[in-house]
Amino acid sequence: MKTSLRFIIFLAAILFALAPITMDGQTRGGAKPWTPPKTPWGDPDIQGLWPGQDMVGTPLERDRSLGTRAFLTDEEFSKRVAFAEEQQEIDTADLVSRNPRIARGGRFVTCEEDPNGCRNGVRIGPPNYWDERGKPTKQASLIMDPPDGRLPPLTPEAQKLQADRAAARKARPCATQPGGCHDSWEDESLWDRCITRGLVGSVLPNGYNTGNQIVQSPGYVVFRNEMIHEARVIPVDGRAHPNASIRTWMGSSRGHWEGSTLVVETTNFLPGIPVANTPTSDGLRVVERFTPVDPDTLTYQLTVEDPKTWTKPWTVSFPLKRSKDYAVYEYACHEGNYYMYNALSGARSEEKKK
Amino acid sequence: MKSTRIVACSFAVLLLSATAAWAHHAFAAEFDLNQPVKLQGKVQKMEWINPHAWIHVDVVGSDGKLVTWMVEGGSPNILLRRGFTKESLLPGTEVTVEGYRAKNGELRANGSNITFKDGKRLFLGGSNPDDPENRGKK
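Quick mapping for you: the protein sequence lines, in order, are chains A and B.
The opening position of the first sequence corresponds to residue 1 in my numbering, with each subsequent residue numbered one higher.
The opening position of the second sequence corresponds to residue 1001 in my numbering, with each subsequent residue numbered one higher.
Okay, here's the thing in structure tokens:
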């Protein structure tokens, strides 16, 4: 009896030690595994503000030249740091540059090098203060699996759909308009329409509104994203997903705890929600893992499975750092969405000029 | 004309692929690259609305008439994180806006460059030279 108990404790210790081995390939070797405190009802307590803004500068897909290397060498990292420093210098310059430097493909070019980017020395586009930049990280890409850090190939079915969509777009008379087709609100993306970025788009670090918050209550975890103010109320009480005919842009999420890791499975998406700029199918399934690795870090992992769209699943993984003072601001996106009016009325004006 | 269109169109595609991080708008859908504007005037008010703030600027036209232009700004959430407040751009402040006019021909523009009288950049040059409260502040 005593021996078998010891054996169980031994096994548990091994499992415990393995738990913090995460997708980012950092085993935190030697460091003691960290167990978060419990909520009064006994669940691991991972509540707090977990903005993704540090990761804004880390690309979704890895540069092909890096192959299966998930982390940059010191030399490669120093280039990323230099790029960020130059961006910072441009962003915070007191005076307007008559020949602005513009980031293109990982480097900066001037108006002379990119005449389409400027007119008379004035940059085409908004000023730099519109964007948040993140921090340079050694992580080569957000995608950590497949091992090359790139999206897997589309299925032949999805490739055909993509080609058909492109051909249909090209065949429309508006396709030759500068700025593309804006015949109706349906030509605008769900994001432009202030509806949603979808589950994946809401959590992947982007140019702004990267705030995330976790709130727990007995039987539920709420994961709130600042972008388009999404708040997923995730039951963690073992209940099943609703009937497959009930579908939403954010899908149906069900969670459970594996040790201190919150695992959330989301299904029942409306077909068409874009993930990594690709419309997905009714077979989309997303599995997220929130693993606390120290008091101020969650390893966030998100696996996308859509056998009708990608030939294999792919996984994004990155650390979310706890913030004590990040404010998740209101984002009443419909309130001032003049873009919809400007784009649609702009296209009507273009038509009249013909 | 056709070739201009094709160039502009391919540019728009480039723009879309290269700058997905721009809030969420397709610039070339909203503004006309062939209508650059330079406006000088006084701030009437600033709307702190999502997804983009809009600055209303009173401008005296070449005919002597006063008109009000709306200039698109970044998300209020970004502005707040950068430390700007409702007091950062007060009515009456003189500004110069260089940008592109809305395609619909209305008095709306994007503000690629927005500067104070002394040439410093709005939001970054930071000091509003017309406002003694802000003088010298970053």
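Cβ atoms here follow ideal geometry from the backbone N, Cα and C, with glycine treated the same way.
Quick caveat: nothing in here was measured; it's all calculated off a predicted structure.
Measure from the alpha carbon of Glu265(A) to the alpha carbon of each residue in Asp296(A), Thr297(A), Leu302(A), Ala276(A), then state which is nearest.
Looking at Asp296(A), Thr297(A), Leu302(A), Ala276(A), the one whose alpha-carbon comes closest to that of Glu265(A) is Leu302(A).
Are the C-beta of Ile124(A) and some C-beta of chain B separated by less than 8 angstroms?
By this cut-off, Ile124(A) is an interface position.
Exposed unless 16 or more other CB atoms sit within 10 angstroms - verdict on Leu1066(B):
Classification for Leu1066(B): exposed.
Continuous alpha helix (DSSP H) stretch holding Asp183(A): start and end:
Asp183(A) -> no alpha helix (DSSP H), and no H or E assigned at all.
Take Gly251(A) as the anchor and find which of Val200(A), Pro205(A), Phe290(A), Asn206(A) has the nearest alpha-carbon.
Answer by Cα proximity: Val200(A).
Between the Cα of Gly207(A) and the Cα atoms of Gly1074(B), Asp1032(B), Leu1039(B), which residue gives the shortest distance?
The residue with the shortest Cα to Cα distance from Gly207(A) is Gly1074(B).
Going residue by residue through the segment 142-196 of chain A, where are the continuous alpha helix (DSSP H) segments of at least 4 residues, counting only ones entirely within it?
If we require 4 residues or more, the alpha helix (DSSP H) runs fully inside the segment 142-196 of chain A come out as 156-171.
For Ile90(A), the residue or residues it bridges with in DSSP:
DSSP lists no bridge partner for Ile90(A).
How close, in whole Å, do the beta carbons of Ser260(A) and Thr35(A) come, if the pair is a contact with beta carbons under 8 angstroms?
Rounded to whole angstroms, the Cβ separation of Ser260(A) and Thr35(A) is 6 angstroms, and the two are in contact under 8 angstroms.
Three or more C-beta pairs closer than 8 angstroms, one from the segment 102-118 of chain A and one from the segment 169-189 of chain A: is that the case here?
No, the segment 102-118 of chain A does not touch the segment 169-189 of chain A.
Straight-line Cα distance separating Ala82(A) from Ser141(A)
Distance from the CA atom of Ser141(A) to the CA atom of Ala82(A), rounded to whole angstroms, is 18 angstroms.
Just the Cα atoms here: how many angstroms apart are Tyr300(A) and Asp237(A)?
Looking at the two C-alpha atoms, the distance is approximately 21 angstroms.
Which of the three DSSP states, helix, strand or coil, is assigned to Gln53(A)?
Gln53(A) falls in the helix class under three-state DSSP.
Residue burial classification, Thr68(A) (beta-carbon count within 10 angstroms, cutoff 16)
That one is exposed.
Under the rule that 16 or more other beta-carbon atoms within 10 Å means buried, what is Asn120(A), buried or exposed?
Exposed is the label assigned to Asn120(A), since fewer than 16 other Cβ atoms lie within 10 Å of its Cβ.
Is there a Cβ from chain A that is less than 8 angstroms from the Cβ of Phe1116(B)?
Not closer than 8 angstroms to any Cβ of chain A, the Cβ of Phe1116(B) fails to qualify, so no.
Assuming Asn337(A) and Pro1091(B) form a contact by the criterion Cβ under 8 angstroms, report the distance between their Cβ atoms to the nearest whole angstrom.
With a beta-carbon spacing of about 24 angstroms, Asn337(A) and Pro1091(B) fall beyond the 8 angstroms limit used to define contacts.
Taking CB distances under 8 angstroms as the criterion, tell me whether Glu335(A) reaches chain B.
Yes, its Cβ sits closer than 8 angstroms to a Cβ of chain B.
What separation, rounded to the nearest whole angstrom, lies between the Cα atoms of Glu75(A) and Asp1063(B)?
Straight-line Cα distance between these residues: approximately 59 angstroms.
Going by the DSSP bridge assignment, what does Ile1114(B) pair with across the sheet?
Paired residues: Val1097(B).
At the 8 angstroms Cβ level, is Cys194(A) part of the contact set with chain B, yes or no?
Nearest CB-CB separation between Cys194(A) and chain B: below the 8 angstroms threshold.
Please report whether the beta-carbon of Ala1101(B) lies at a distance below 8 angstroms from any beta-carbon of chain A.
Residue identity check: residue 1101(B) is Arg in the sequence provided, not Ala. By the rule that beta-carbons nearer than 8 angstroms mark a contact, Arg1101(B) does not touch chain A.
Let's test the definition: count the other Cβ atoms within 10 Å of the Cβ of Ile102(A) and tell me whether it reaches 16, buried, or not, exposed.
Buried, because 16 or more other Cβ atoms sit within 10 Å of the Cβ of Ile102(A).
Output the distance between the C-alpha atoms of Thr1115(B) and Pro1076(B), rounded to the nearest integer angstrom.
Looking at the two C-alpha atoms, the distance is approximately 19 angstroms.
Going by the beta-carbon positions, is the gap between Trp50(A) and Ile214(A) smaller than 8 angstroms?
Yes.
Between the Cα of Lys312(A) and those of Glu61(A), Thr92(A), Thr155(A), spot the shortest distance and give me the residue it belongs to.
Here the closest residue by C-alpha is Thr155(A).
From the DSSP output, in three-state form, read off Leu36(A) for me.
A quick correction: the sequence has Pro, not Leu, at residue 36(A). Correct three-state label for Pro36(A): coil.
Same chain, Cβ closer than 8 angstroms to Arg1082(B), five either side skipped, listed in chain order:
Answer for Arg1082(B): Phe1123, listed in chain order.
Could one say the Cβ of Pro112(A) lies closer than 8 angstroms to chain B's Cβ atoms, at least one of them?
Checking the sequence shown, residue 112(A) turns out to be Glu, not Pro. No, its Cβ sits nowhere closer than 8 angstroms to a Cβ of chain B.
Helix, strand or coil at Glu288(A) [DSSP, three-state]:
In the structure shown, Glu288(A) sits in a strand (DSSP, three-state: E or B).
Can you list, in chain order, the residues of its chain whose CB lies under 8 angstroms from that of Gly219(A), leaving out five sequence neighbours each side?
Listed in chain order, the non-local C-beta contacts of Gly219(A) below 8 angstroms within the same chain comprise Pro235, Val236, Asp237, local neighbours out to five positions each way being set aside.
Counting only the same chain and skipping the five closest in sequence on each side, list residues whose C-beta sits under 8 angstroms from that of Gly255(A).
Sequence-distant Cβ neighbours of Gly255(A) in its own chain, meaning closer than 8 angstroms and more than five residues away, are Val221, Ile234, Pro235, Val236, Leu262, Val263, Val264, Glu265.
Gly379(A) and Thr297(A) look like a contact to me (Cβ under 8 angstroms); what is the Cβ gap, rounded to whole Å?
Because chain A spans 1 through 354 in this model, residue 379(A) falls outside it and cannot be assessed.
Where does the unbroken beta strand (DSSP E) through Ile214(A) begin, and where does it stop?
Unbroken beta strand (DSSP E) run through Ile214(A): 212-217.
Quick check: is the beta carbon of Ile1078(B) nearer than 8 angstroms to any beta carbon in chain A?
Interface with chain A (8 angstroms Cβ-Cβ cutoff): Ile1078(B) is included.
Pro147(A) classed as buried or exposed, judged by whether at least 16 other C-beta atoms fall within 10 angstroms
Result: exposed.
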